[in-house]
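Same order as they appear, the protein sequences are chains A and B. So the first sequence is numbered by UniProt numbering: it starts at 1 and just counts up by one. So the second sequence is numbered by UniProt numbering: it starts at 1 and just counts up by one. For glycine and all other residues, C-beta sits at the position ideal for the given N, C-alpha and C.
2 protein chains.
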Amino acid sequence: MTASHSPFARKLGAFVALSDRELIALDGLHTRRKVFPSGRDMIHEGQTNHSAYIVASGWASSYKILSDGSRQIVDFQIPGDFLGLRSVLCRTADHNIEPVTTLEASEVLASDLLDTFTDMPRVATAVLWAASRDEAMVVEHLVGVGRRDAKVRIVHFLLELKSRLKLVGMATSAGYDCPLSQNLVADALGLSTVHVNRVLRELREDGLLTFRHGHVEIHDLDGLIAMSNFDRTYLDEEGPMLI
Amino acid sequence: MTASHSPFARKLGAFVALSDRELIALDGLHTRRKVFPSGRDMIHEGQTNHSAYIVASGWASSYKILSDGSRQIVDFQIPGDFLGLRSVLCRTADHNIEPVTTLEASEVLASDLLDTFTDMPRVATAVLWAASRDEAMVVEHLVGVGRRDAKVRIVHFLLELKSRLKLVGMATSAGYDCPLSQNLVADALGLSTVHVNRVLRELREDGLLTFRHGHVEIHDLDGLIAMSNFDRTYLDEEGPMLI
Chain A
1 MTASHSPFAR KLGAFVALSD RELIALDGLH TRRKVFPSGR DMIHEGQTNH SAYIVASGWA
61 SSYKILSDGS RQIVDFQIPG DFLGLRSVLC RTADHNIEPV TTLEASEVLA SDLLDTFTDM
121 PRVATAVLWA ASRDEAMVVE HLVGVGRRDA KVRIVHFLLE LKSRLKLVGM ATSAGYDCPL
181 SQNLVADALG LSTVHVNRVL RELREDGLLT FRHGHVEIHD LDGLIAMSNF DRTYLDEEGP
241 MLI
Chain B
1 MTASHSPFAR KLGAFVALSD RELIALDGLH TRRKVFPSGR DMIHEGQTNH SAYIVASGWA
61 SSYKILSDGS RQIVDFQIPG DFLGLRSVLC RTADHNIEPV TTLEASEVLA SDLLDTFTDM
121 PRVATAVLWA ASRDEAMVVE HLVGVGRRDA KVRIVHFLLE LKSRLKLVGM ATSAGYDCPL
181 SQNLVADALG LSTVHVNRVL RELREDGLLT FRHGHVEIHD LDGLIAMSNF DRTYLDEEGP
241 MLI
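This is the structure we're talking about:
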């Protein structure tokens with residue numbers, strides 16, 4: 001697989017129709033490939049002088065630990081996503097990043113990004129779009145934790161993952177592989193593991209979806225969209241805006 | 001006041017030491033100045049083909065209305081901030097924006113941004129930094145609503161505003177003008193207005209701060225930072241990273 005067909009290129013290609021020259025520039029961001037084991041922090045809060053990464057394969061979680069020891073998972077990262085971009089730009093990491101599975105990622109220095117933007121301003125716009133989309137997801141996450149009930153929150157979360165994975169060719173409308181434990185889902189959504197377990201059983205009994213053994217199977221997409229009021233426009237899936 | 005001394009230039013200047021040429025390019029983003037009255041949406045959720053704006057003076061709030069009619073304020077915008085940048089890049093507005101006071105702002109089209117990035121790649125990096133900082137604030141906001149008690153949440157919020165306003169020359173360590181009603185603060189922090197009122201009275205009686213008549217007066221900054229565990233590194237105030 002060349003970088004021009006990488007999940008990152010597929011994702012940016014959803015916003016900017018990339019030229020051959022731009023695809024080659026993206027190749028240049030994929031030279032320093034590293035592998036990280038699951039369950040050990042790659043980046044920790046307060047760290048400075050670290051790199052950003054683009055995920056090639058595997059899943060990661062970003063989270064914060066509060067002074068009372070409680071954990072808030074901010075988001076999960078999948079192939080094509082940046083890890084730690086915000087922290088590189090803001091110098092000091094404001095959160096921890098831990099691989100959920102074995103993770104393969106390309107190291108990107110702030111100077112690489114600046115060089116790429118200098119050569120390819122359309123790539124800068126595409127990266128800004130990707131960052132804006134990440135912010136839109138955190139906003140939805142805030143609204144979920146602040147205002148949505150547990151069932152709607154879980155369905156919204158699983159539909160959002162489906163849309164994100166579909167963009168990089170890792171999901172269909174029928175479902176997707178998902179390595180997240182119920183414990184991780186609970187800590188992302190501000191719920192208890194018992195509560196997540198009960199809601200997933202209800203969704204299965206209602207014939208809406210089954211999340212079991214690392215796989216989400218969608219039985220009734222329209223039903224899920226209707227009950228969660230899921231509006232995927234914030235994920236912006238209508239094809240390239242910049243031609 | 002020229003744009004080169006605009007709040008926007010001051011803010012980007014915190015990340016990139018801007019050259020004269022870059023300051024002139026920022027001037028180019030300030031040609032279409034508009035005034036919006038308070039209390040009426042400038043941008044509403046689901047709207048397409050709208051512009052983004054850079055705030056010159058005044059305050060705005062961005063918020064979402066849920067299907068049950070409840071409101072979640074996502075953030076407030078102050079001079080130097082973008083309004084609706086994410087929505088322009090993602091085509092469809094995913095939230096509403098309403099001026100809190102009379103608001104003066106410069107209209108910015110997506111094509112203006114792309115043109116500026118093409119001429120000035122360092123400006124692209126600075127705008128990406130500003131977007132990343134906004135995301136960091138939404139993350140803190142998520143952590144606050146998910147995990148912090150009411151008093152810590154309110155103090156954190158008021159200290160964050162102080163840091164943001166200071167960056168654009170509108171606050172000192174002694175305090176700042178703040179046009180937000182207790183009702184707006186409550187809807188941003190997921191609290192009741194009665195609760196916000198009670199906490200503000202406690203903070204005043206404890207000799208920590210007074211928020212009254214549109215002004216926040218800080219009596220004991222160290223005490224506030226200690227009790228809220230406020231860590232301003234996520235606001236990245238150490239001076240330009242790109243020289």
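{"Query": "What are the residues that DSSP puts in a beta bridge with Q47 of chain B?", "Result": "Note: Q47 of chain B sits in no beta bridge, so no partner."}
{"Query": "Does DSSP put H95 of chain B in a helix, in a strand, or in coil?", "Result": "coil"}
{"Query": "Using a Cβ distance threshold of 8 Å, determine whether the region 109-125 of chain B contacts the region 180-200 of chain B, with at least three qualifying pairs required.", "Result": "no"}
{"Query": "Beta-carbon of R147 of chain B versus every beta-carbon of chain A: anything under 8 Å?", "Result": "yes"}
{"Query": "Could you check how far apart the C-beta atoms of V16 of chain A and A60 of chain A are, in whole angstroms? I think they sit under 8 Å.", "Result": "Not really, about 25 Å apart at Cβ, beyond 8 Å."}
{"Query": "State yes or no: is the beta carbon of D41 of chain B nearer than 8 Å to at least one beta carbon in chain A?", "Result": "no"}
{"Query": "Compute the Euclidean distance between the alpha carbons of M120 of chain B and R122 of chain A, then round it to the nearest angstrom.", "Result": "12 Å"}
{"Query": "Name the residue from A:R147, A:R40, A:S6, A:G46 whose alpha carbon lies nearest to the alpha carbon of I78 of chain A.", "Result": "A:S6"}
{"Query": "Between D134 of chain A and chain B, is there a C-beta pair that is closer than 8 Å?", "Result": "yes"}
{"Query": "Assuming T116 of chain A contacts G28 of chain A under a Cβ cut-off of 8 Å, what Cβ separation, rounded to an integer in Å, is found between them?", "Result": "7 Å"}
{"Query": "Anything in the UniProt domain \"HTH crp-type\" (148-222) of chain B with a Cβ closer than 8 Å to a Cβ of chain A? List those residues in chain order, please.", "Result": "R148, G190"}
{"Query": "Please report how far the alpha carbon of G144 of chain A lies from the alpha carbon of E104 of chain B, in whole angstroms.", "Result": "32 Å"}
{"Query": "Would you list, in sequence order, the uninterrupted alpha helix (DSSP H) runs of no fewer than 4 residues that lie entirely inside the region 121-196 of chain B?", "Result": "121-147, 150-167, 182-189"}
{"Query": "Would you tell me roughly how many angstroms separate the C-alpha atoms of residue 261 of chain A and F82 of chain A, rounded to the nearest one?", "Result": "No statement about residue 261 of chain A is possible, as the shown extent of chain A runs from 1 to 243 and does not include it."}
{"Query": "Starting from E25 of chain A, follow the alpha helix (DSSP H) in both directions and report where the run begins and ends.", "Result": "Reading the sequence as shown, one finds Ala at residue 25 of chain A and not Glu. From DSSP, the alpha helix (DSSP H) with A25 of chain A extends over 20-27."}
{"Query": "Find out if the Cβ-Cβ distance for the pair S67 of chain A, H95 of chain A is shorter than 8 Å.", "Result": "no"}
{"Query": "Given I154 of chain B, which residues of its chain have a CB within under 6 Å of its CB, disregarding the five upstream and five downstream residues?", "Result": "V199"}
{"Query": "Note down, in chain order, every chain E residue with its Cβ under 7 Å from the Cβ of H141 of chain A.", "Result": "In the structure shown, chain E cannot be found, because the protein chains are A and B."}
{"Query": "When the Cβ atoms of the region 204-220 of chain A are set against those of the region 123-134 of chain A, are three or more pairs found closer than 8 Å?", "Result": "no"}
{"Query": "Look at the alpha carbon of S216 of chain B and the alpha carbon of L221 of chain A, and state the distance between them as a whole number of angstroms.", "Result": "Here residue 216 of chain B turns out to be Val, not Ser, going by the sequence shown. Distance between the alpha carbons of V216 of chain B and L221 of chain A: 49 Å."}
{"Query": "Can you have a look at K34 of chain A and say buried or exposed, based on whether 16 or more other CB atoms are within 10 angstroms of its CB?", "Result": "exposed"}
{"Query": "Quick check: the Cα distance between R86 of chain B and A186 of chain B, rounded to an integer number of angstroms?", "Result": "25 Å"}
{"Query": "Alpha carbon to alpha carbon, what distance is there between E160 of chain A and K11 of chain A?", "Result": "15 Å"}
{"Query": "Would you kindly work out how many angstroms separate the C-alpha atoms of S70 of chain A and C178 of chain A, rounded to a whole number?", "Result": "24 Å"}
{"Query": "From the DSSP output, in three-state form, read off T210 of chain A for me.", "Result": "strand"}
{"Query": "Mapping DSSP to helix, strand and coil, what is I78 of chain B?", "Result": "coil"}
{"Query": "Is K11 of chain B close to chain A? Criterion is C-beta to C-beta, closer than 8 Å.", "Result": "no"}
{"Query": "Show which residues of chain B have a CB atom less than 7 Å away from the CB atom of S67 of chain A.", "Result": "N229"}
{"Query": "According to the Cβ coordinates, are Q72 of chain B and G146 of chain A closer than 8 Å?", "Result": "yes"}
{"Query": "Please report the Cβ distance between V139 of chain A and V194 of chain B, rounded to the nearest whole angstrom; I am assuming they are in contact, meaning their Cβ atoms lie under 8 Å.", "Result": "Contact doesn't hold; Cβ gap of about 27 Å is too wide."}
{"Query": "Looking at the C-beta of A131 of chain B, does it have a partner C-beta in chain A at a distance below 8 Å?", "Result": "yes"}
{"Query": "For H219 of chain A, I'd like the list of residues in its chain whose CB is within less than 8 Å of its CB, leaving aside the five on either flank, ordered along the chain.", "Result": "G207, L208, L209, T210"}
{"Query": "So, at 7 Å on beta carbons, what are the nonlocal neighbours of D165 of chain A in its own chain, with the 5 sequence-adjacent residues on each side left out?", "Result": "Note on identity: in this sequence residue 165 of chain A is Leu, with Asp being the wrong assignment. Hits under 7 Å: I78, A171, Y176."}
{"Query": "Under a Cβ-count criterion, where at least 16 other Cβ atoms within 10 Å of its own Cβ denotes burial, should T31 of chain A be classed as buried or exposed?", "Result": "exposed"}
{"Query": "Work out the CA separation of F36 of chain A and S57 of chain A for me, nearest whole Å.", "Result": "11 Å"}
{"Query": "If we define contact as Cβ-Cβ less than 8 Å, is T102 of chain A a contact residue for chain B?", "Result": "no"}
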